[in-house]
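Number of protein chains: 2
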Amino acid sequence: MAASMQIDFQTDPQNYKHWKLDFEGPVATLTMDVDEKGGLFEGYELKLNSYDLGVDIELADALQRLRFEHPEVKVVLLRSAKERMFCAGANIRMLAGAAHDHKVNFCKFTNETRNSIEDASEVSGQKYISVVNGTAAGGGYELALATDHIILTDDGSSAVSLPEVPLLAVLPGTGGLTRVTDKRKVRRDRADVFCTTEEGVRGKRAVDWRLVDETAPNSRLDEAVAERARAFAEQSDRVGEGPGVSLVPLDRTIGDDVVQYSLVSVEIDRAGGVATISINGPDAPPPADGDGLAELGAGSWTLKLARELDDAILHLRFNETEIGLLELKTAGDPAAVLAWDAFLAANSGHWLVREVVHLWKRVLKRVDLTSRTISAVIEPGSCFAGTLAELAFAADRSYMLIGTLDQDNRPEASMTLNGFNFGTYPMSNGISRLETRFLGEPESFETLKAHEGEALDAEQADELGLVTFAFDDIDWDDEIRIFREERASFSPDGLTAMEANLRFAGPETMETKIFGRLTAWQNWVFQRPNAVGEEGALRRYGSGQKPTYDRRRV
Amino acid sequence: MAASMQIDFQTDPQNYKHWKLDFEGPVATLTMDVDEKGGLFEGYELKLNSYDLGVDIELADALQRLRFEHPEVKVVLLRSAKERMFCAGANIRMLAGAAHDHKVNFCKFTNETRNSIEDASEVSGQKYISVVNGTAAGGGYELALATDHIILTDDGSSAVSLPEVPLLAVLPGTGGLTRVTDKRKVRRDRADVFCTTEEGVRGKRAVDWRLVDETAPNSRLDEAVAERARAFAEQSDRVGEGPGVSLVPLDRTIGDDVVQYSLVSVEIDRAGGVATISINGPDAPPPADGDGLAELGAGSWTLKLARELDDAILHLRFNETEIGLLELKTAGDPAAVLAWDAFLAANSGHWLVREVVHLWKRVLKRVDLTSRTISAVIEPGSCFAGTLAELAFAADRSYMLIGTLDQDNRPEASMTLNGFNFGTYPMSNGISRLETRFLGEPESFETLKAHEGEALDAEQADELGLVTFAFDDIDWDDEIRIFREERASFSPDGLTAMEANLRFAGPETMETKIFGRLTAWQNWVFQRPNAVGEEGALRRYGSGQKPTYDRRRV
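Protein chains in written order, with this note's numbering: chain V, 1 to 554; chain F, 1001 to 1554.
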C-alpha cells in the first residue's frame, strides 16, 4: 500500500464505483455492487461485496446526499446487487496488508459512517431497511446492524454472521459486538454462540435470537420490503419540502504544506508535528428564512464551513499521520457568528436548518474522536462564539490571550456563549461539551447560563472555567511554543490512549462503548501476533495453512 | 522472571514484608513500607515504596482481614513509612521486564484490589483516608484515588502526579484516568495538564483542581488526620459487634494437574486447555443466627467456599495462563444451598452475614472479569441453586443435561432461583446477571420471578432462557467435547476481546469503564513499540537514553 498516496473523501454519485442510488418518491434504494477491481490500493480484489475505505467513502457520501439533496426521502433500502451475497464485510487481504494506523483509522471512519445511518434515522426521519438477500458476514452484518430493520431471505442458506473471531482472530470492530448486546440486546450466551459460529445463523433462529427482524421467502421478499417501506414512510417525521441542496464539490487546493479551502486553511508544520487549522467567520449575513438558506445552497457560510472542516479533519487523519497536534484558530466577527446561530435557532423547524445543525453535530463529534491532541488558540480577532466556541470545548486544552499583542490592532479576544453551547451539539456521551466539562461543578455550569450572550474576555473566560489558560503577551508565545514542543516529545500512543479516556467523562452510550471499549479492544487485537503475526490468522487466511496461536490468555 | 514460579495469593500479617497493620479503637492504620529487596521476582528493587504483585497481594489480604477480623474498625488510614514518599506506583523495571500477560493480569488484580477499597467504604462502613506525606506518583496516586479522602502535606514539594504518559508512554491504568474524570470529576483540560506534567500538582492547586481533598502543613498533619478520622468514624454505619472472624489458612494442596481445597477442586487438562472447577455444596446446615455463623468462623461452608473459589480463580489466572476454558461444576443438594441462602437473607442485618454476602459479590465479579472462557456444566447431582446458580449466569455458556446418564443414579439436574438472583450480586455494570441477560426481554425477566423456589429441570430452564443449551444423554458427551475443542481452536486474544465486550451489556459504571475502556487501551499501549519496544520508553527508562518514538498517530 503506497504510503504517499493521498486519500480523497470527496466524491459524488457520478463517480461512484461501488454504489448506485435510485429514487422512487419517498423511497430511495442504495445498492451495493462493489467493483472487484476498484480497490483503493493495490494487492487485493474486492470480491463478494467486500469493502475497503474507498467503498466506505462512497457510502458516507451517499448518506450525506440523501439528507441534503433529497428532502423527500423517508426510507432508504440498503440492498446488494450480487446474487446470494449481501456483503462479505471488510476485505481481509486489505486488512492483512494495511499498516496498524490505517486499519484503526479505517475502522473509525466506517464506525462514524454507520453511526450516521442511525443519526439519519433518529433525527432526520430517514429510516433504513436492510434487505439481506444472501450472506451478510462480518462487516456486512455490522452494516445491517446500523439500520432500523433487517429483512433476511429465508432460502435455507442466507445467513447473518460475525465470523471474525473464529476465522480471523480479530473482533467485529465496526460496532458489531456492541450493537448485538446493546442495540439488539441479544442474550449474552446466544451472542457467544453466534460470534463463534463461522457460518452464522439463518431463518427462524435468526429472528428468535433477535439477530434480524423478519425473514421472507424469496418469492415474497419484494412484497415484504415494500410493505415495510410503506409503514416506515408513514411513521417518518421528515419534513419533505422543496428541492434539495446540491452538495457541489468543495473549493479546495492541496499543496505541500497547506490545504486551502474557501473558509478553512490548514498549515502543516511537519518538523513540529503541528497542523494549524484556521477557520473564517461568516462571509455574509444569514438569509431571512429557511428557504433563503436553501437558495444559498451549499454556498451558505454555515454549510460550507461544516463540510470544509469535516474534510480537513479527515484529510489530516489519513494523509498526515505524523501530525500529532491540531491547533484550532478562528478569525472573524463574533457577532456575525452569533447572528448565524440566531438564524438557525429561529428557523429550527425548517428541514435544511435541521440538517445543517445535525451536520455540525457530527463534524464536532468527528473532532472529539480524532486521535490527535487538539488545542484551541484564542487570539485577538478570533470568533469563538456559539457554534464556533464548541471547537474550544472540543479541544484538549485552550489558550486565550489577555489583551492584545504588540503592533496588532485586531480586537481583543472574546468568547461568547449562546443556546447552542447548552445541548444542541451533544458529544458521543449524549451530553454537551460544557456539561461534560463541568460534571464536577454543576453550579459552575448553571452560572454559565447567566452569561449567555456576553462577550467574555480572557480573564472572565478563565474565571468561568471556559479556557485552560489565559496568558498576556509577555508569556503568550513561549507558552504556546512550550506546549507544542512538550506534546511532540511524548509518545503518540500514550497520548492517543490518554485522550480517549479523558475526553468522555460521564454517561456512556452505545457510541462511547463503540469508540471506547470496542475500538480499544480491536486496536489491541490488531497488534497481537495471533492476528497479525506471520503465523497469525489474518496473514494465513486463505493460504490453506492454519494459524499458529500463542495459547497464553491475556 | 521465572515462568515456572507459582504465585501464591495466600498470606497473613505475620508474613507481610511490605505492610503493617495497627489498631486503635475504630481506627486502623495500614502502613506501606515496601521492602526494596522483597520483590516477587528477580531483576528489580522496590525502591521508593514502588510495588509489584507481591506488595499488592499483601494489600488485598489486609483489606479482607480488616473487614472480617475487625468489625470494630470504621476508618482506615493509609500511610507511608517512607520519608517524603507516599508511593511511587508500580515498579517500572518490573513492568519493563514482565511478559504481556503478566502485566495485564497484574493490572487487573491491582484494579480489583482498589475497587475493594471502594466496596469497603460503600457497603461495609469502613472509610479510607490517604495520608499523603510526600510524593504520590502514578500507581501511588491511583491508590489514594481509591480512598474516600486524600490529605496532602503542604510542604512546598509534596505532590500528586500521574507521570505515566510523559515518562513511560503507558497509561495510568489502575483506574487513574477514570477516577480523575469520573470519580473526582476533574475538568478535562486540567486532567490533560495534570496527566502530562511529570512533577504533578501540589498545594492549593491540587485542592482547587479537586485532585486531593485537603492539604495540611506537616506541623498540623496528624491533627488534621485525627479530626477527619473522627468525623468519618462518626458517620460510619458499620455494625461493630463482637469479635472478628479469623481468616485461617486455606486447606489447599497444589499438585501437578490438580488443586485440591476442602470444597473446591480444580482438575487441569493442559493438552485440552481446560480446567474443571468442581464445587461442593454445603457440608453442614446453616447455624441458627449471625452469632452462630461467627462461631463457625472461617470454617462455615459459605465463607470457606467463597475464599477457596476466589483463590482458585486467581491461581488459574496467574499460574495456568495457557488454560483457556474454565468449566464450572457443582455437586450437592440444591435444597441445602437454598437453606444457606435463606439463612443469609434472614440474618442480613448481622455484620458478618453482610461481609460474607459482599465477599460472594466480589468473588462472582472476579469470575466475570476473568479472561478465560467460562462454561457451566449442569449435570445430575449438581446444585446450581441461588448463589451457586450465579455461576451459571456468570458463564459465557451453560450446558444442562436433560434426564440422567446411563448407570448414574444421581438425581436429575435442576436449577432453582431465589431472591439472591435478583439483585444481591450486581455485576460491575451495577445490575444483576439475570437482568443483564434479559435486557432485551424484560418480560422474561419478570416471568422468572414467578418461578422463584421451583426446581426447574433442563427443559424448563431452557424454556425460561436460563441455560444456553439443554441436551439429552445421546448428544451430551459429544456437545461438551465439541465445545471444548472448538474453543481451543480459536485465538486466545480474539476470545479475550470478544468476551470482554459480550459480558457487560447495558449500563456502564466506573468499574466497567475501568475494566472495559481503560484496561483495553492500557493493554493496547502495553503492546506498542513506543512503550515496550527496544527503543520504547519503558525499556529506556533510567538508562539515560531517551526513547525513540514512531510518530504516527493511531
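Note that beta-carbon positions come from the ideal geometry of N, C-alpha and C, so glycine has one too. Bear in mind the structure is a predicted one, so any value in this text is a computation, not a measurement.
### Among F:A1088, F:E1083, F:L1030, nearest to A1060 of chain F - alpha-carbon criterion
Taking the first residue of the second sequence as position 1, residue 1060 of chain F is located at position 60. Residue F:L1030 is the option with its Cα nearest to A1060 of chain F.
### Task
Mind checking who Q260 of chain V pairs with in its DSSP beta bridge?
As a working note, residue 260 of chain V is residue 260 in the first sequence. V:T253, V:S265, per the DSSP bridge assignment.
### Query
On the premise that A298 of chain V lies in contact with V259 of chain V, defined as a C-beta separation below 8 Å, what is that separation, rounded to the nearest angstrom?
Locating residue 259 of chain V in the first sequence gives position 259, counting from the first residue. Locating residue 298 of chain V in the first sequence gives position 298, counting from the first residue. The pair is not a contact, with the Cβ atoms about 19 Å apart (cut-off 8 Å).
### Query
Among F:T1387, F:P1172, F:G1272, which has the Cα closest to the Cα of E1320 of chain F?
The count along the second sequence starts at 1 and reaches residue 1320 of chain F at position 320. Comparing Cα positions, the closest option is F:G1272.
### Message
Cβ closer than 7 Å: which chain V residues qualify as neighbours of V1186 of chain F?
### Response
Stepping through the second sequence from its first residue, residue 1186 of chain F is reached at position 186. G440, listed in chain order.
### Message
With a threshold of 9 Å between beta-carbons, can T11 of chain V be considered close to chain F, or not?
### Response
Here residue 11 of chain V corresponds to residue number 11 of the first sequence, with the count starting at 1. Answer no: the Cβ-Cβ gap between T11 of chain V and chain F never drops below 9 Å.
### Query
How many Å lie between M1498 of chain F and W521 of chain V at the Cα?
Counted from its first residue, the second sequence places residue 1498 of chain F at position 498. Counted from its first residue, the first sequence places residue 521 of chain V at position 521. Between M1498 of chain F and W521 of chain V, the C-alpha separation is close to 8 Å.
### Task
Consider the Cβ of H1100 of chain F: report whether some Cβ of chain V lies at a distance smaller than 9 Å.
If you number the second sequence from 1, residue 1100 of chain F lands on position 100. It does: the Cβ of H1100 of chain F has a partner Cβ on chain V nearer than 9 Å.
### Query
Residues of chain V with a CB under 7 Å from the CB of C1383 of chain F: which are they?
Taking the first residue of the second sequence as position 1, residue 1383 of chain F is located at position 383. Per Cβ cutoff of 7 Å: no residues; C1383 of chain F is ~21 Å from chain V at best.
### Message
Does A1376 of chain F come out as helix, strand or coil in the three-state DSSP assignment?
### Response
The residue you call residue 1376 of chain F lines up with position 376 of the second sequence. Of the three classes helix, strand and coil, the one that applies to A1376 of chain F here is strand, per DSSP.
### Query
Of all the CB atoms in chain F, is at least one closer than 9 Å to the CB of V165 of chain V?
Position 165 of the first sequence, counted from the start, is the residue given in the question as residue 165 of chain V. Yes, because at least one Cβ of chain F sits closer than 9 Å to the Cβ of V165 of chain V.
### Query
Which runs of the alpha helix (DSSP H), 4 residues or longer, sit entirely within the stretch 1160-1202 of chain F?
1188-1195
### Message
Rounded to whole angstroms, what is the Cα-Cα separation between I1443 of chain F and A1450 of chain F?
### Response
Residue 1443 of chain F sits at position 443 when you count from the first residue of the second sequence. Residue 1450 of chain F sits at position 450 when you count from the first residue of the second sequence. What sits at residue 1443 of chain F in the sequence shown is Glu, not Ile. If I take the Cα positions, the gap works out to 11 Å.
### Query
Which residues, in chain order, does the stretch 243-255 of chain V contribute to contact with chain F at a C-beta distance below 8 Å?
none
#### Entry: Cut-off 8 Å between Cβ atoms - residues of its own chain near R1571 of chain F, not counting five sequence neighbours on either side
It is not possible to answer for residue 1571 of chain F, since the shown part of chain F is limited to 1001 through 1554.
### Query
With contact counted as at least three CB pairs below 8 Å, one residue from each stretch, are the stretch 474-482 of chain V and the stretch 1501-1518 of chain F in contact?
no
### Which of helix, strand or coil DSSP assigns to M1005 of chain F
Your numbering for residue 1005 of chain F matches position 5 in the second sequence. Of the three classes helix, strand and coil, the one that applies to M1005 of chain F here is coil, per DSSP.
### Task
Could you say if the stretch 31-46 of chain V and the stretch 78-91 of chain V meet the contact criterion of at least three C-beta pairs nearer than 8 Å?
yes
### Query
What did DSSP end up calling N1280 of chain F once you bin it into helix, strand or coil?
Taking the first residue of the second sequence as 1, we reach residue 1280 of chain F at position 280. If DSSP states are grouped into helix, strand and coil, N1280 of chain F belongs with the strands.
### Query
Among F:A1226, F:Q1006, F:D1257, F:P1172, which residue has its Cα nearest to the Cα of A1275 of chain F?
In the second sequence, the residue the question calls residue 1275 of chain F occupies position 275. Looking at the Cα atoms, F:D1257 is the closest of the given residues.
### Query
Contact check, A191 of chain V vs V180 of chain V under 8 Å by CB: the rounded distance?
In the first sequence, residue 191 of chain V corresponds to position 191, counting from 1. In the first sequence, residue 180 of chain V corresponds to position 180, counting from 1. Confirmed, Cβ separation roughly 5 Å.
### Message
With H, G and I counted as helix, E and B as strand and the rest as coil, what does DSSP make of I150 of chain V?
### Response
Residue mapping note: residue 150 of chain V aligns to position 150 of the first sequence, counting from 1. Strand.
### Message
Using only CA atoms, which one of V:R397, V:Q10, V:G156 lies nearest to A62 of chain V?
### Response
Start at 1 with the first residue of the first sequence, and residue 62 of chain V comes out as number 62. The shortest C-alpha separation from A62 of chain V is found at V:Q10.
### Contact with chain F by F577 of chain V, beta-carbon distance below 9 Å
The structure shown does not extend to residue 577 of chain V, since chain V is modelled only from 1 through 554, so no value can be given for it.
### Query
Rounded to a whole number of angstroms, what is the C-alpha to C-alpha distance between T1557 of chain F and F1422 of chain F?
Lying outside 1001 to 1554, the shown extent of chain F, residue 1557 of chain F is not represented and no answer is given.
### Message
Whether or not the stretch 131-146 of chain V and the stretch 233-242 of chain V are in contact is what I'm after, with contact meaning three or more pairs of Cβ atoms, one per stretch, closer than 8 Å; do they touch?
### Response
no
### Message
Using CA atoms only, rank isn't needed, just tell me which of F:V1104, F:S1116, F:F1109, F:R1220 is closest to T1153 of chain F.
### Response
Numbered from 1 along the second sequence, position 153 holds the residue referred to as residue 1153 of chain F. Among F:V1104, F:S1116, F:F1109, F:R1220, the Cα nearest to that of T1153 of chain F is on F:R1220.
### Query
Under 7 Å Cβ-Cβ, which residues of chain V neighbour Y1549 of chain F?
For the purposes of this step, residue 1549 of chain F is identified with residue 549 of the second sequence, where counting begins at 1. What Y1549 of chain F touches in chain V: S491, P492.
### Message
In this structure, how does DSSP classify I323 of chain V when only helix, strand and coil are distinguished?
### Response
As a position in the first sequence, residue 323 of chain V is number 323, starting the count at 1. It is coil, neither helix nor strand.
#### Entry: Closer than 9 Å to chain V by CB, C1195 of chain F
The sequence position of residue 1195 of chain F within the second sequence is 195, counting from 1. Yes - at least one Cβ of chain V is within 9 Å of the one on C1195 of chain F.
### Query
Candidates V:E390, V:R252, V:W340, V:T416: which alpha carbon is nearest E435 of chain V's?
Within the first sequence, residue 435 of chain V is the residue found at index 435, counting from 1. Among V:E390, V:R252, V:W340, V:T416, the Cα nearest to that of E435 of chain V is on V:E390.
### Query
Do A413 of chain V and I378 of chain V have their C-beta atoms within less than 9 Å of each other?
Locating residue 413 of chain V in the first sequence gives position 413, counting from the first residue. Locating residue 378 of chain V in the first sequence gives position 378, counting from the first residue. Yes. Within cutoff.
### Query
In the structure shown, what three-state DSSP assignment does K1204 of chain F receive?
By 1-based counting over the second sequence, the position of residue 1204 of chain F is 204. Note: K1204 of chain F maps to helix in three-state DSSP.
### Query
Do you know whose CA, among V:P71, V:V353, V:V131, lies nearest W301 of chain V's CA?
The residue you call residue 301 of chain V lines up with position 301 of the first sequence. It is V:V353 whose Cα lies nearest to the Cα of W301 of chain V.
#### Entry: is_contact[G506 of chain V, chain F] using C-beta, thresh 9 Å
By one-based count along the first sequence, residue 506 of chain V stands at place 506. Answer yes: the Cβ-Cβ gap between G506 of chain V and chain F drops below 9 Å somewhere.
### Task
Indicate whether L40 of chain V and D52 of chain V have their beta-carbon atoms separated by less than 9 Å.
Mapped onto the first sequence, residue 40 of chain V falls at position 40. Mapped onto the first sequence, residue 52 of chain V falls at position 52. Contact flag set, yes.
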